[in-house]
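Numbering (full-length UniProt numbering), first residue to last: 1 to 145. One structure is given here, and the rest of the page talks about it.
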Amino acid sequence: MEGYQKSSHAIYDLKYHVIWVTKYRYKVLKGALAVRTRELIRQGCEARGIGILQGSVGKEHIHLLLSCPPSLAPSKMVQYLKGRSSRLLQEEFPELKKKYWGQHLWARGYFCATVGSVTEEMIRNYIANQFTEEKDEIFKIEDEY
Numbered sequence: 001m002e003g004y005q006k007s008s009h010a011i012y013d014l015k016y017h018v019i020w021v022t023k024y025r026y027k028v029l030k031g032a033l034a035v036r037t038r039e040l041i042r043q044g045c046e047a048r049g050i051g052i053l054q055g056s057v058g059k060e061h062i063h064l065l066l067s068c069p070p071s072l073a074p075s076k077m078v079q080y081l082k083g084r085s086s087r088l089l090q091e092e093f094p095e096l097k098k099k100y101w102g103q104h105l106w107a108r109g110y111f112c113a114t115v116g117s118v119t120e121e122m123i124r125n126y127i128a129n130q131f132t133e134e135k136d137e138i139f140k141i142e143d144e145y
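Here's what the structure looks like:
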């Protein structure tokens with residue numbers, strides 16, 4: 001089971017492609033601010049047991065490929081990373097408070113998609129052929145007679 005993560009009660013391989021942007025798409029993530037943003041996201045991920053497989057800080061967006069434990073919902077993961085980084089960046093960089101007077105550095109939404117090496121078709125075939133050769137039923141019960 002190479003490439004899988006383990007917790008006390010689960011074996012998993014959950015990967016998410018996540019993107020979020022700055023409010024109003026202002027291009028503020030440059031220089032020291034971009035470096036600090038990357039550092040804060042790394043710290044936040046490490047604290048929550050999230051692995052960063054790939055990432056980039058653009059001038060107005062964050063782009064990440066994350067490996068996440070099943071106990072952490074993608075929405076909570078993004079909420080935590082955006083909230084913590086916004087708060088700390090605005091404390092450390094006073095020039096952000098002038099642009100973002102409402103204390104929101106990031107836009108409200110985000111993009112999140114699952115990533116994996118198993119396609120929906122492969123899973124359907126595996127489940128369909130698990131116990132019998134009948135392919136008419138969508139949700140089967142194994143016969144124990």
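Idealized CB from N, CA, C, for every residue including glycine.
Which residues in the same chain have their Cβ closer than 6 Å to the Cβ of Ser71, if we skip the five residues on either side of it in sequence?
Residues of the same chain with their beta carbon placed closer than 6 Å to that of Ser71 are lacking, with the five preceding and five following residues left out of the count.
Counting C-beta neighbours from all protein chains within 10 Å, is the total for Met77 16 or more, i.e. buried, or is it exposed?
Within 10 angstroms of the beta-carbon of Met77 lie 16 or more other beta-carbons, which makes it buried.
Would you mind sorting Tyr126 into buried or exposed? The rule is 16 or more other CB atoms within 10 Å of its CB.
exposed
What's the gap between the Cα of His9 and the Cα of Lys82?
29 Å
Unbroken alpha helix (DSSP H) runs of length 4 or more, entirely within the UniProt domain "Transposase IS200-like" (11 to 130): which are they?
Correct list: 31 to 48, 74 to 92, 94 to 99 and 120 to 128.
Using only alpha-carbon positions, find the residue among Leu65, Gly49, Gln43 and Lys6 that is nearest to Thr114.
Ranking Leu65, Gly49, Gln43 and Lys6 by CA distance to the CA of Thr114 puts Leu65 first.
Going by CA-CA distance only, name the one from Ile19, Val57, Leu14 and Gly102 that's closest to Leu29.
Val57
Buried or exposed (CB count within 10 angstroms, at least 16 for buried), Tyr4
exposed
CA-to-CA distance, Trp20 to Arg48, given in whole angstroms
Distance between the alpha carbons of Arg48 and Trp20: 19 Å.
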